[in-house]
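Going down the list, the sequences are from chains A and B. Heads up, the first sequence is in the numbering used here, so the first residue is 173 and it goes up one at a time. Heads up, the second sequence is in the numbering used here, so the first residue is 15 and it goes up one at a time. Every residue, glycine too, gets a C-beta built ideally from N, C-alpha and C.
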Amino acid sequence: MAIVDRAKSLSAALTYRGREGMWTWILHRATGLGILLFLIIHVVETATVIYWPQLYEGFLDTYKSAFFRFAEVLIFFSVVYHALNGTRIIVQDFWPLAMRRQRQLAWAAGGLTVLAMIPITFLMIRPLLGGPEPGEERHRQRIERQQATVPATTPVVQVTP
Amino acid sequence: MAKATIRILRYNPEGDAAAPAHQDFAIDVEPTDRVLDALNHIKWYVDGTLTFRRSCAHGICGSDAMRINGVNRLACKVLMRDVGSRVTVEPLMGFRVIKDLVVDMDAFFAQYRSVLPYLINDSRPPERERLQSPEDRERFDDTTKCILCAACTTSCPSYWANEEFVGPAAIVNAHRFIFDSRDSAPGERLEILNNREGVWRCRTIFNCSEACPREIKVTKAIGEVKRAILYRQST
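This is how it looks when you write it as structure tokens:
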């Protein structure tokens, strides 16, 4: 007897009209894979600082392009969402009563992510509009503080081998 | 009377078509008709070859679960006025299609039987019934409602991906006995569900809870079984 085999493709699965739980699950997967991809690129790229320092400098310049700045915003979104949604899942797992409010909790995780991403996106995109690099000002102040605490008259200790 | 178009995903194993294909039927329906009434109308007056399961037609036998407008429902519990004038009816996802809306449920019932879904108590039966307090009865009340329609199991992405997964329906029926104070074998069932194809394939997606026509809190029941396994192992 001929029987049609079961649908196993992602496109077939996406035709199911699931609700909040299904979409948050897909987003959780996608952000998780995104973070993994980022980590692989990040490890490879950082490794070049040891062997090919010029290449590493090149990477850092590439990251200042508009494309990579938006990509970095996406990475930040992935980390924030994956963390908050993961917390929601853990809460539900250890406290099944929370599942009565699963739709609201799913919206809460998404809402908190959006709220957090508003200032984060602003700070990360600002350099494209001529604003300062995030952390640059703080770095400059730290260097200044260090220099200020070192008295100019401190004798230089000569270390003889 | 209003016009409605019923789009049905059809498949005839003896026909020429290798793959299922949609077929539209334009019929007259009352807003208070159920989707099952529309299917019956088509089968009785338009095309007698249309094949689907139905038995009691009152939401308790669990025969006519199908995908209505993209989501698992019982055809006998959905009114035409709630689905609009264009309705798409497809067989449950994740099972093999035998013909039209009829799917092969052998594996589903095998998974149901695998969790020992019956009372196990080898102690001598008392003279009268085995008494239980209302609180103890309440503990598993929700999971007694299951009618084995498979709407939950075939809404589960984990099950679509892996048909070895025991599935929400089997876990619900295990839950019904695991938390029954009169049963003496909850440990055996927890052991079965602690298998790699057991409860841990659940990703708390909630499609099962949304699909259940009996409004069982399926994901919550699975969560309680997960916790029972975890706490049992840590003591």
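key: Partner residues on chain B for Ala185 (chain A), Cβ-Cβ distance less than 9 angstroms   = Contact note: Ala185 (chain A) reaches chain B through Met107, Pro171, Trp174, Ala175, using a C-beta cutoff of 9 angstroms and chain order.
message = Taking the straight line between their C-alpha atoms, what separation do you get for Trp267 (chain A) and Lys231 (chain B)?
response = 14 angstroms
request  = Return the residue from the list A:Glu244, A:Glu316, A:Val263, A:Trp224 that minimises the CA-CA distance to Pro306 (chain A).
outcome  = Nearest of A:Glu244, A:Glu316, A:Val263, A:Trp224 to Pro306 (chain A), Cα basis: A:Glu244.
request  = Please go through the segment 40 to 104 of chain B and give each complete beta strand (DSSP E) segment of 3 or more residues, from N-terminal end onward.
outcome  = 79 to 82, 85 to 88, 100 to 104
ask   = Residue range of the beta strand (DSSP E) that Thr19 (chain B) falls in?
value = 16 to 24
Simplified DSSP assignment, three categories, for Gln146 (chain B) = coil
query = Between Leu207 (chain B) and Ala235 (chain B), is the Cβ-Cβ spacing less than 7 angstroms?
reply = no
query = If you draw a straight line from the alpha carbon of Gln125 (chain B) to that of His214 (chain A), how long is it in whole angstroms?
reply = 44 angstroms
ask   = Per DSSP, which one or two residues make a beta bridge with Ala35 (chain B)?
value = B:Arg24
task = With DSSP as the reference, please indicate the residues paired to Lys113 (chain B) in a beta bridge.
result = Lys113 (chain B) pairs with B:Val116.
key: Minimum C-alpha distance to Glu177 (chain B) - residue among B:Thr167, B:Val186, B:Ile185   = B:Thr167
Residue-level contact to chain A via CB, Glu211 (chain B), 7 angstroms cutoff = no
task = Report all residues from its chain with a CB closer than 6 angstroms to the CB of Lys57 (chain B); omit the five preceding and five following residues, and keep chain order.
result = Leu64
message = Is there a C-beta anywhere in chain A that falls below 7 angstroms from the one on Arg203 (chain B)?
response = no
query = What's the gap between the Cα of Asp30 (chain B) and the Cα of Leu115 (chain B)?
reply = 18 angstroms
ask   = Arg67 (chain B): which of B:Val85, B:Arg48, B:Thr46, B:Ala89 sits nearest, CA to CA?
value = B:Ala89
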